[in-house]
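Protein chains: 2
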Amino acid sequence: MARAERLLTLLQTLRRYRRPVSGAALATETGVSLRTLYRDIASLQAQGADIEGEAGVGYVLKPGFMLPPMMFSQEEIEALVLGSRWVARAAEPRLAGAGADALAKIAAVLPDDMRETIESAALLVGPRVSSEDKADLPAIRKAIRTERILELTYGDERGAVSVRRVWPFALTYLEQVRVMVAWCELRQDFRHFRTDRIIEMAPSEVRYPRRRDVLLKEWRDQQGIPSEP
Amino acid sequence: MARAERLLTLLQTLRRYRRPVSGAALATETGVSLRTLYRDIASLQAQGADIEGEAGVGYVLKPGFMLPPMMFSQEEIEALVLGSRWVARAAEPRLAGAGADALAKIAAVLPDDMRETIESAALLVGPRVSSEDKADLPAIRKAIRTERILELTYGDERGAVSVRRVWPFALTYLEQVRVMVAWCELRQDFRHFRTDRIIEMAPSEVRYPRRRDVLLKEWRDQQGIPSEP
DNA sequence: ACACTACTGCCATAAACTGTCAGCAGGTGC
DNA sequence: GCACCTGCTGACAGTTTATGGCAGTAGTGT
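Respectively, the protein sequence lines represent chains A and B.
Residue numbering for the first sequence follows the working numbering, starting at 448 and increasing by one per position.
Residue numbering for the second sequence follows the working numbering, starting at 448 and increasing by one per position.
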């Protein structure tokens with residue numbers, strides 16, 4: 448049983464580094480010989496981990512995560528499936544695709560009878576969200592993840608166009624539209640931006656000076672929104 | 448590595464039987480000695496599997512499923528999380544709770560930085576579904592899973608009350624209401640029942656004579672709905 | 001009382017894992 | 001070309017772990 452744990456530790460260690468890490472470094476960190484480390488890496492790759500090793504450079508783990516074995520109840524699986532379905536319908540194409548992929552991965556490992564259940568027990572027929580986003584939603588999500596400043600050209604409900612620098616920290620999925628929540632440098636306050644009204648958007652490499660979760664908390668307090676589940 | 452696979456096989460074998468199975472039977476089926484089987488069961492239980500063993504009876508696996516280790520991309524995790532959030536908001540309390548539980552399980556094993564991302568990158572602020580269901584939705588889902596006939600007292604949009612026997616095979620989650628799709632013995636056709644208009648409901652132990660997935664397919668064909676992802 | 005079962009401890013054997021050593025391959029810098 | 005760093009593979013002995021058989025305890029249903 449010690450081995451399985453070590454492999455998970457190794458994965459998390461690999462995730463910590465963004466730059467390539469040498470096998471020797473990983474070996475000392477996990478307290479194991481170099482030879483064994485190579486074997487461990489091979490095991491992880493065999494299990495599907497996206498680890499790339501290049502001679503003279505080191506190892507990099509492609510962004511993502513390996514879930515350890517986990518037990519889900521019947522209803523929890525139904526919830527995951529129903530949720531993924533909803534995402535596959537309601538989110539923008541790229542995230543929707545990810546939802547469908549996740550769903551397929553889960554369905555692939557379920558026993559036959561359960562897969563059948565899943566294919567019928569939960570349907571989503573809600574009108575497909577049709578508002579077309581001009582904005583690049585994956586780019587917004589990435590900016591949120593990495594806490595980067597966005598350069599925004601935005602047309603509000605009255606048609607007035609403005610250019611702003613904003614600090615995006617959340618993206619909300621409403622029934623018909625999606626709204627980016629950000630701190631606006633122009634207004635020095637929180638602002639909501641409907642993604643279908645974003646005319647142009649330039650992600651920058653500049654990190655904004657505050658932490659995303661703090662911004663989120665302050666915004667929630669201001670809005671009177673209780674913290675999420 | 449053979450051991451991990453054997454444990455998964457053992458789980459699936461356990462799932463196949465509905466009745467308690469003796470350890471000896473499981474041992475021969477997985478090709479292992481009885482002593483080792485006991486150790487394997489202990490391992491699975493240590494990993495969180497809901498296996499119950501009773502002396503003189505055998506082993507039973509509580510309904511549910513253990514996901515093997517799986518790799519998810521960043522976006523797939525975001526999709527799963529966003530979807531679970533939506534379920535936690537939009538579904539009826541019990542399924543919503545399951546969504547929250549699933550979310551918590553996933554969050555618990557994610558590395559810290561990713562957990563932070565998840566706590567802010569996707570929010571759902573859509574108006575909480577407020578229509579109160581008089582119907583017992585978990586019971587409906589169970590009837591669907593097990594293909595049981597439901598005895599229904601239903602009030603339609605004009606207030607006319609009727610009593611019917613129906614064969615439920617799907618449950619759709621719309622924005623404001625939930626709709627059970629079933630074959631109605633009274634009308635000899637497919638009918639949709641808003642769950643908030645179900646006045647009374649009696650699950651029976653009688654299995655309906657057709658297969659759920661076939662009903663679903665016929666209904667889809669009749670409605671002109673393309674098959675789900 | 002009896003049959004059946006889960007469960008535990010012990011121990012010898014079998015299998016797997018691990019570390020050390022050696023060597024090959026690919027890329028970088030001198 | 002040469003030294004150097006790195007990934008990667010094979011072979012072998014030592015160590016650890018897993019396994020199977022055996023004996024024994026205890027709970028359940030007939």
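Even for Gly, the Cβ is constructed at its ideal location relative to N, Cα and C.
| Check | Outcome |
| --- | --- |
| From the beta carbon of residue 650 of chain B, is the nearest beta carbon of chain A less than 7 Å away? | no |
| Can you tell me the Cβ-Cβ gap for residue 590 of chain A and residue 615 of chain A, rounded? I've got them flagged as a contact below 8 Å. | 5 Å |
| Going along the chain, which unbroken runs of the beta strand (DSSP E) with 3 or more residues stay wholly within the segment 452-503 of chain B? | 498-501 |
| If we define contact as Cβ-Cβ less than 7 Å, is residue 452 of chain A a contact residue for chain B? | no |
| Which of helix, strand or coil does DSSP assign to residue 621 of chain A? | coil |
| For residue 609 of chain B, which beta-bridge partners are listed by DSSP? | B:601 |
| Spell out a yes or no on whether the segment 518-526 of chain A and the segment 598-615 of chain B are touching, meaning 3 or more CB-CB pairs, one atom from each, closer than 8 Å. | no |
| Is residue 522 of chain B helix, strand or coil by DSSP? | helix |
| Following the continuous alpha helix (DSSP H) through residue 650 of chain B, name the residue where it begins and the one where it ends. | Here residue 650 of chain B belongs to no alpha helix (DSSP H); instead the beta strand (DSSP E) covers 645-654. |
| Name the one or two DSSP bridge partners that residue 595 of chain B has. | B:654 |
| Tell me the residue span of the alpha helix (DSSP H) that contains residue 544 of chain A. | 540-556 |
| Give the DSSP bridge partners of residue 515 of chain B, in chain order. | Bridge partners of residue 515 of chain B: none, in fact. |
| Bridge partners for residue 660 of chain B per DSSP, in chain order? | Answer by DSSP bridge pairing: none, since residue 660 of chain B is not bridged. |
| Which residues of chain B have a Cβ atom closer than 7 Å to the Cβ of residue 494 of chain A, listed in chain order? | 516 |
| Helix, strand or coil: which one does DSSP assign to residue 510 of chain A? | coil |
| Excluding five sequence neighbours on each side, which residues of the same chain lie with their C-beta closer than 6 Å to the C-beta of residue 659 of chain A? | 594, 616 |
| Should residue 516 of chain B go down as buried or exposed, given a rule of 16 or more other Cβ atoms within 10 Å for buried? | buried |
| Consult DSSP for residue 668 of chain B and reduce its assignment to one of helix, strand or coil. | helix |
| So, with DSSP's three-state summary, where would you put residue 449 of chain A? | helix |
| Starting from the beta carbon of residue 613 of chain B, find every residue of chain A whose beta carbon is closer than 9 Å, and list them in chain order. | The contacting residues do not exist; residue 613 of chain B stays about 15 Å from chain A at best. |
| When you compare the CB of residue 556 of chain B with every CB in chain A, is at least one pair closer than 7 Å? | yes |
| If you check the beta carbons only, do residue 640 of chain B and residue 648 of chain B fall under 7 Å apart? | no |
| In the DSSP assignment, find the beta strand (DSSP E) that holds residue 638 of chain B and state where it starts and stops. | 636-641 |
| Using a Cβ-Cβ cutoff of less than 8 Å, which residues in the same chain neighbour residue 543 of chain B once the five nearest sequence positions on both sides are dropped? | 534, 535, 536, 537 |
| In chain B, which residues lie less than 7 Å from residue 546 of chain A when you measure between Cβ atoms? | 526, 530 |
| Taking 7 Å as the cut-off, decide whether the C-beta atoms of residue 541 of chain B and residue 585 of chain B are in contact. | yes |
| Taking the alpha carbon of residue 498 of chain B as the point to measure from, which residue in B:546, B:454, B:632 has its own alpha carbon closest? | B:454 |
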